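Asker: Supplied in structure tokens, the structure appears directly below.
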Amino acid sequence: MSKKAKGGGAPASNKAVEALYGIAENIYEELDHGQVPKMKIPLRTKANIRFDSKHSVWKYGNLMGVRSAKKLKGALMLLRTMYVLEFIQDMINTSKSSTLREMYYISEGWDVAKFHSQDESNLLAEDLEVITQLLREDFKLRPEESGASVIGNLTLEEITRNGERKRINCRDDVGDAGYTIPYNIEKEKVKFVDADAKFVLAMETGGMFDRLVENGFDDDGKCILVHLKGQPSRSTRRLLKRLNEELKLPCAVFTDGDPWSFRIHASVAYGAIKTAHISEYLATPTAEFVGITASDILNYDLPTDVLTPRDVAALNAELSDPRFNDEFWRNEIQTMLQINKKAEQQALAKYGLDYVTDTYLPEKLGPLGLM
Amino acid sequence: MPATSIAEELAKKQREISVSEFFERNKQILGYDSPTKALLTVVKEGVDNSLDAAADADILPDILVEVRKVDKDEFLVVVEDNGPGIVKKEVPNVFGRLLYGSRFHARAQSRGQQGLGISGAVMYGQLTTGKATKITSKVEEEDTAYFIELILDTKKNLPSKVREDRVVWERAHGTRVEIPLKGRYIGGKQSIFEYLKATAIVNPHARITFKPPEGDSTVFERATEEMPPKTKEIPPHPHGIELGTLMQMMKETKSYKLSSFLEEEFVRVSARVAKEICDAAGIDPDTKPKSLGLEQAKALHEAMQGAKLMSPPTDCLSPIGERLIKKGLKNVLGNLRPEFYAPPVTRDPSVYSGNPFQVEVGIVFGGDLPPDQPVEVLRFANRVPLMYQAGGCALTQAVGHVDWRRYGLEQRGGEGLPFGPAIVLVHVCSTKVPYTSEAKEAVATVDEIMEELDLALKESGRRLKTHLTKKAHRAKTREKFEIVQLILPRIAEKSAKIVNKKVPVLDATITKIMGVVWIDETIAYDRKQKRHTVTVNVHNFTDAGKKLNLHVLLPRGIAAKSFDPKPAEVRDDGKITWELKRIDSVSKASVSFLLEGLDEAEYDESDLYVSEINPALVIGAEPLPGDWELNYAEFETEETAAPAEAEEEGEIDYDETEEALDDE
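These protein sequence lines map, in sequence, to chains E and R. Throughout, my numbering is defined as the position within the first sequence, counted from one, plus 1. Throughout, my numbering is defined as the position within the second sequence, counted from one, plus 40.
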């Protein structure tokens with residue numbers, strides 16, 4: 002899943018080496034000229050995401066932040082950047098790769114520059130992506146977590162670790178857990194062969210995924226079920242995007258009814274703030290929300306929990322998030338704040354185990370023309 | 041001050057009822073109005089007695105206080121000391137007679153002033169339990185100790201022996217008193233523990249052991265072998281005398297003439313002044329003092345107040361002193377690891393209504409002290425901790441009247457007790473502390489005393505502020521120091537390695553990040569030699585060479601030697617000046633000196649000043665006050681805010697955009 006795969010040209014490792022050299026060179030030149038070293042990076046905040054009408058996704062705008070050695074934190078991040086550059090250079094030279102987590106542990110040997118949490122090292126890896134317009138895979142860094150699961154009548158070909166092409170049907174060739182999405186879900190690794198489905202249904206929780214599998218909803222509803230596992234990883238979102246783009250399958254997102262679920266949908270459909278530099282590769286702008294809304298809580302009279310202060314803060318933050326700036330979301334967010342309640346998708350079991358597949362989903366998917 | 045003192049009251053009533061009965065009826069004003077307070081008061085009287093006895097005999101006090109639980113609400117208080125002991129025939133009088141003692145008219149600072157102390161405790165115990173008090177006392181000349189069990193005859197104000205004996209006691213000399221009483225034992229702010237802790241702070245020469253009813257003993261170790269200076273007794277000053285006391289003195293005097301009575305029994309009264317007073321009162325100087333009636337006494341008293349007199353001598357006072365306040369505070373509060381002991385302030389003696397007095401203030405700041413609570417005020421009068429009536433006490437009020445916001449503490453509206461991690465010690469000593477009541481729980485607000493307190497507190501506050509300003513500057517600079525010393529060289533090294541070039545010279549970058557002359561003091565202590573080696577480093581982190589004068593002001597009473605390099609001037613007030621040679625950009629100069637013979641804790645830091653340089657460029661030292669020659673201590677530093685660090689225009693710090701990126 003790298004841009005060069007699309008554009009061709011120089012091998013990624015050369016480009017990466019050049020880009021990283023460029024960063025180090027800038028810092029070096031600034032020091033050599035007696036300047037205070039600094040890096041300019043597009044701000045990765047909700048204040049700096051703009052709608053890209055060409056791709057119908059949200060991408061970073063023009064606001065730039067400065068990471069300067071004048072401040073302790075900035076100086077430390079610059080030093081870490083140098084260490085990371087050196088580490089990546091070594092990996093490219095020796096044809097190795099590492100997980101993000103391994104890089105975090107490697108930093109134990111970096112003395113004052115060591116990372117205090119994996120969030121810090123992940124953020125720095127993303128900073129490098131944003132600056133160089135390359136992907137972390139180009140830097141020989143990969144996420145340690147596997148993607149989520151797929152069940153449905155989708156046939157694909159995956160290149161196994163032996164280099165063989167393996168044909169897999171995600172309904173007939175897999176167990177109840179489904180097909181596991183590998184971290185590299187690009188064409189050179191996974192090819193779609195065929196799909197007999199009208200749409201893709203992406204679920205937030207494993208419990209609901211299992212319920213729909215047990216109820217045979219992939220067959221009855223003629224859909225491909227994808228388990229998001231909470232906030233979906235890049236590879237999960239990339240798979241949804243490819244299914245939508247290449248197989249023309251519409252996508253529906255079925256989540257809990259709370260502020261965090263709204264953000265899950267936003268990252269699938271509009272692009273995540275954290276990865277807005279690659280939104281056009283990850284987001285599926287036509288994805289529809291069929292998760293529990295505040296209105297559903299009232300209409301279906303669902304069992305609920307009271308919003309926590311964190312939930313309320315998250316909802317209020319969403320009110321100033323440009324991605325939620327439309328009538329539907331404003332209404333739902335405000336209604337949720339008003340009723341001060343949230344509900345899980347499994348709360349539908351109040352009306353029986355089949356209620357979700359017999360009633361709720363048909364009522365939601367019907368108007369979308371998906372059932 | 042109360043309209044009539046208890047002395048007058050007692051003098052008047054002595055004929056009608058016994059003083060013991062009087063006490064019984066007035067026990068609330070003497071500190072026995074609740075079971076909790078009674079227990080503390082008994083301990084207090086015992087400890088006061090022991091400290092005074094040791095002081096009289098020039099002995100370093102070693103005091104044991106034990107509170108034993110006898111029954112649900114009955115306790116036994118044991119106070120044992122290593123004092124000189126009391127001769128057998130005086131023991132019953134000291135412990136079994138109210139108002140017995142020689143301090144009544146004395147004009148020297150002492151703890152007990154009215155003689156109600158320990159015998160009052162004995163009586164309270166007897167009234168509440170019906171039991172006798174046991175006393176063991178041994179003087180050095182005798183081989184055995186005298187033991188007595190006694191009660192007070194409350195009608196006659198006389199001791200009554202229950203049992204007496206001679207016993208063997210391992211002590212060379214000392215006194216032990218065991219008082220049974222009804223009371224209530226509590227913890228917290230007004231506990232016996234806190235009282236003893238406070239006592240230990242202001243009596244660093246004493247060793248105090250406390251055995252509570254339950255749990256382990258606490259020992260407040262001696263912090264110094266130095267005895268507090270002896271106080272001299274002086275006759276009263278005419279301005280401070282009360283009518284009742286005057287009448288009592290006239291009754292007891294051996295003088296036959298009023299003029300000689302005035303001349304001999306008062307301080308600052310010459311023959312000429314005595315005559316003036318008599319003339320003003322319209323009384324013949326040859327009148328026999330004993331023969332004066334109430335009206336004449338009143339006239340005399342008035343004339344005495346109006347006479348022009350020199351202030352009383354003040355060498356009768358015994359302040360703790362700046363050095364010992366600090367030692368005491370460190371010794372007792374050291375486990376709270378305070379970051380700063382403001383150099384204590386002892387004001388020069390002053391006078392109110394003919395009574396000499398002196399105030400002292402110490403501030404302890406930071407460490408494990410709670411940052412969000414009102415500051416703790418430790419109040420002392422004549423070295424005795426005041427535990428009650430904090431709100432009505434001049435010492436607390438004086439603290440509340442200062443605007444502490446100027447000195448770096450939080451305070452709502454600039455008055456009332458400030459908030460912050462601090463303890464403020466306030467001590468007033470006087471030949472006559474003006475208490476608000478006979479219970480001696482709080483000091484009355486006398487103008488002269490309030491004024492002195494205010495000055496002392498403000499001076500302490502300034503010392504605290506100087507420290508806090510220095511600290512804030514240092515924190516900011518330390519961060520930059522870390523950048524240029526630790527991080528920047530590595531960035532240079534790593535980037536050079538990646539681009540395969542030689543490591544760049546960082547001087548210009550360093551001056552851009554720092555842009556200051558940074559001054560710091562480092563101290564090394566040699567325990568064996570008892571020697572501090574003090575080094576002051578001047579780092580020039582600006583982009584040009586700098587020349588400046590460095591002034592080091594040693595804390596009061598500390599002298600330095602072995603200066604390197606040779607200073608331009610060493611002054612008696614402890615100020616040492618170096619005229620430093622030009623320091624190149626990104627290099628440093630150092631000066632050093634030795635302090636001999638001090639304990640490690642006796643020296644923290646000096647005040648650093650600079651001149652002949654733009655002070656805005658300097659961090660770690662203050663500009664030398666322009667009016668240094670006048671009086672540096674009184675110099676009111678102008679509280680100008682440090683110029684805000686110039687942010688580069690329109691730049692957003694990438695690492696300070698604290699937005700939760702938690703949507704993936």
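Don't be surprised by glycine CBs; every beta carbon is placed ideally from N, CA and C. All values reported here derive from a predicted model rather than from experimental measurement.
With 7 Å as the threshold, decide whether the Cβ of R:A682 is near any Cβ in chain E.
Answerer: Residue placement at R:A682 is poorly supported in this model, since its pLDDT is 38, which falls under 50; the coordinates still yield a value, given next. Not one chain E Cβ lies under 7 Å of R:A682.
Asker: Assuming E:G148 and E:L240 form a contact by the criterion Cβ under 8 Å, report the distance between their Cβ atoms to the nearest whole angstrom.
Answerer: Going by Cβ atoms, the distance from E:G148 to E:L240 rounds to 7 Å, so yes, they are a contact pair.
Asker: Examine chain E for any beta-carbon lying closer than 7 Å to the beta-carbon of R:A532, and answer yes or no.
Answerer: Interface residue, yes.
Asker: Just the chain E side, please: which residues come within less than 7 Å of R:Y447 by C-beta, in chain order?
Answerer: What R:Y447 touches in chain E: nothing, since even the nearest Cβ is about 29 Å away.
Asker: Is it true that the CB of E:A198 sits closer than 7 Å to the CB of E:K223?
Answerer: Yes.
Asker: Tell me the DSSP secondary structure of E:S268 in three-state form.
Answerer: In the structure shown, E:S268 sits in a helix (DSSP, three-state: H, G or I).
Asker: Taking 8 Å as the threshold, find out whether the region 29-47 of chain E comes into contact with the region 543-552 of chain R through three or more Cβ pairs.
Answerer: They touch, by the three-pair rule.
Asker: Looking at C-beta atoms only, is the number of pairs between the region 102-109 of chain R and the region 246-256 of chain R that lie closer than 8 Å three or more?
Answerer: Judged by Cβ distances under 8 Å, the region 102-109 of chain R makes contact with the region 246-256 of chain R, as three or more pairs qualify.
Asker: What's the gap between the Cα of E:L369 and the Cα of E:F210?
Answerer: Answer to the nearest angstrom: the Cα atoms are 21 Å apart.
Asker: Just list the residues that DSSP pairs R:T617 with in beta bridges.
Answerer: Paired residue(s): R:H591 and R:E609.
Asker: List in chain order: all unbroken beta strand (DSSP E) runs of 3+ residues lying wholly within the region 75-146 of chain R.
Answerer: Counting only runs of 3 or more, we get 102-109 and 114-121.
Asker: Let me check one thing: in DSSP terms, what residues is R:H579 bridge-paired to?
Answerer: According to DSSP, R:H579 bridges with R:W558 and R:K628.
Asker: Check R:G280 in the structure and name its three-state DSSP category.
Answerer: Three-state DSSP puts R:G280 in a helix.
Asker: Give the DSSP bridge partners of E:S150, in chain order.
Answerer: Paired residues: E:T181.
Asker: Under three-state DSSP, which class holds E:M104?
Answerer: E:M104: helix per DSSP, three-state reduction.
Asker: How many whole angstroms separate the CB atoms of R:D113 and R:G223, which I take to be in contact at a CB cut-off of 8 Å?
Answerer: R:D113 to R:G223, Cβ: 7 Å. Contact.
Asker: Compare the C-beta of E:G176 with all C-beta atoms of chain R and state if any pair is closer than 7 Å.
Answerer: No, E:G176 lies away from the interface with chain R (no Cβ there is under 7 Å from its Cβ).
Asker: Expressed to the nearest angstrom, what Euclidean distance is found between the alpha-carbon atoms of R:T680 and R:K587?
Answerer: Caution applies to R:T680, whose pLDDT of 36 falls short of 50 and renders its modelled position unreliable; the value that the coordinates give is listed next. Distance between the alpha carbons of R:T680 and R:K587 is about 25 Å.
Asker: What's the C-alpha gap between R:T677 and R:P359?
Answerer: The predicted position of R:T677 is uncertain, since its pLDDT is 39 and thus under 50; no value can be drawn from it.
Asker: Against R:K541, what residues of chain E qualify as contacts under a CB-to-CB distance less than 7 Å, listed in chain order?
Answerer: Near R:K541 (Cβ distances below 7 Å), the residues of chain E are Y29.
Asker: At 4 residues or longer, what runs of the alpha helix (DSSP H) sit wholly inside the region 292-343 of chain E?
Answerer: The region 292-343 of chain E contains these whole alpha helix (DSSP H) runs: 295-300, 310-320 and 328-340.
Asker: Tell me which residue opens and which closes the alpha helix (DSSP H) that R:H341 is part of.
Answerer: It spans L334 to G346 - the alpha helix (DSSP H) in which R:H341 sits, taken as one unbroken run.
Asker: Quick test of your reading: R:T551 and R:F581, contact by CB under 8 Å. State the CB separation rounded to the nearest angstrom.
Answerer: Confirmed, Cβ separation roughly 6 Å.
Asker: At what residues does the alpha helix (DSSP H) containing E:N245 begin and finish?
Answerer: Its alpha helix (DSSP H) spans residues R235 to E247.
Asker: My assumption, with CB atoms under 8 Å, is that R:I559 sits in contact with R:V576. Please give the rounded CB distance.
Answerer: 7 Å between Cβ atoms; contact.
Asker: Within 10 angstroms of the Cβ of R:P269, are there 16 or more other Cβ atoms? Answer buried if so, exposed if not.
Answerer: With fewer than 16 Cβ atoms within 10 Å of its Cβ, R:P269 is classed as exposed.
Asker: Roughly how many whole angstroms lie between the Cα atoms of R:N654 and R:P663?
Answerer: Using only the alpha carbons, I get a separation of about 8 Å.
Asker: Under 7 Å, Cβ to Cβ, is there at least one residue of chain R near E:V131?
Answerer: No, no contact with chain R.
Asker: Taking the CB atoms as reference points, tell me whether R:D355 and R:K272 lie closer together than 7 Å.
Answerer: For R:D355 and R:K272, yes; Cβs fall inside 7 Å.
Asker: Out of R:Q398, R:D604, R:I274 and R:A185, point me to the one whose CA is closest to R:S632's CA.
Answerer: The shortest Cα separation from R:S632 among R:Q398, R:D604, R:I274 and R:A185 belongs to R:D604.
Asker: For R:T76, I'd like the list of residues in its chain whose CB is within less than 6 Å of its CB, leaving aside the five on either flank, ordered along the chain.
Answerer: Counting only Cβ-Cβ distances below 6 Å, and skipping sequence neighbours, we find R224 and I226.
Asker: Using only CA atoms, which one of E:V191, E:A295 and E:K60 lies nearest to E:R162?
Answerer: If we check each option's Cα against that of E:R162, E:V191 comes out closest.
Asker: Is DSSP giving E:D53 helix, strand or coil here?
Answerer: Three-state DSSP puts E:D53 in a strand.
Asker: What are the partner residues of E:M65, as DSSP defines its beta bridges?
Answerer: BP columns for E:M65 point to E:P43.
Asker: Any chance the region 18-31 of chain E sits against the region 125-135 of chain E, with 3 or more Cβ pairs inside 8 Å?
Answerer: In short, these stretches touch, since the Cβ pair count reaches three.
Asker: What does E:A1 touch in chain R if you count any residue whose Cβ is under 8 Å from its own?
Answerer: With chain E covering only 2 through 372, there is no way to say anything about residue 1 of chain E.
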